[in-house]
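**Student:** Below are the structure tokens for one structure; questions will follow.
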Amino acid sequence: MKIDHIGIAVKSIEKSKQFYEALGLEVSHIEVVEEQGVKTAFLKIGESNIELLEPLNESSPVFKFLEKRGGGIHHIAIEVKNIEKVLENLKEKGFKLINEKPVKGAHGKSVAFVHPKATGGVLLELCESK
Ligand code: ZN
């Protein structure tokens with residue numbers, strides 16, 4: 003397992019990426035994920051990534067997050083081998099999940115979110131390695 007990426011909510015990817023590019027990182031992938039209501043940009047950093055998240059519209063969860071907190075770390079994503087099995091195990095142990103079944107995330111990966119109540123206050127994304 004590894005930290006696949008850290009998701010940061012931003013108002014504008016175009017604007018926010020300028021800082022990370024000035025740091026020396028490069029955008030490796032930009033993708034609209036309709037299912038999650040976001041546009042995402044990935045910047046590779048070591049074996050992980052920074053994922054900038056821009057809301058597509060006002061019903062996007064990221065839009066609500068920006069309204070409430072004005073941006074910042076939105077979630078941490080951990081890569082797992084068998085996401086169905088991990089979800090089953092967490093559910094069985096009574097941990098609160100947002101997605102009990104995997105949904106489609108960026109890069110066409112299977113992802114699922116775990117409720118902050120289960121993790122100590124952090125929104126956690128599980129994503130399956132490819
Ligand atoms: Zn993510």
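In terms of this note's numbering, the sequence shown opens at residue 3 and continues consecutively. Virtual Cβ for every residue (Gly too), placed ideally from N, Cα, C.
Is the stretch 7–19 touching the stretch 38–53 in the sense that three or more CB pairs, one from each, lie closer than 8 angstroms?
**Tutor:** These segments touch.
**Student:** By the three-class DSSP mapping on this structure, what secondary structure does F44 have?
**Tutor:** In the structure shown, F44 sits in a strand (DSSP, three-state: E or B).
**Student:** Could you spell out the range, first to last residue, of the beta strand (DSSP E) harbouring P104?
**Tutor:** Taken as a continuous stretch (DSSP letters only), P104 belongs to no beta strand (DSSP E), as it is neither H nor E.
**Student:** Helix, strand or coil for F97, going by three-state DSSP, please let me know.
**Tutor:** DSSP places F97 in coil when its eight states are reduced to three.
**Student:** Quick one, what's near the ligand ZN if you take every residue whose CB is closer than 6 angstroms to any heavy atom, in chain order?
**Tutor:** Selection output, chain order preserved: H7, G9, E53, H77, A79, E127.
**Student:** Out of K103, K19, E94, point me to the one whose CA is closest to K41's CA.
**Tutor:** Measuring from the Cα of K41, the nearest candidate turns out to be K19.
**Student:** Let me make sure I understand the geometry here. Which of L58, S14, S30, A120 has the alpha-carbon closest to that of K95?
**Tutor:** Closest by alpha carbon: A120.
**Student:** Helix, strand or coil: how does DSSP classify E127 here?
**Tutor:** E127: strand per DSSP, three-state reduction.
**Student:** Tell me which residue opens and which closes the beta strand (DSSP E) that E81 is part of.
**Tutor:** Where E81 is concerned, the enclosing beta strand (DSSP E) stretches over 74–82.
**Student:** S18 by DSSP, collapsed to three states: which one?
**Tutor:** The answer is helix: DSSP assigns S18 an H, G or I state.
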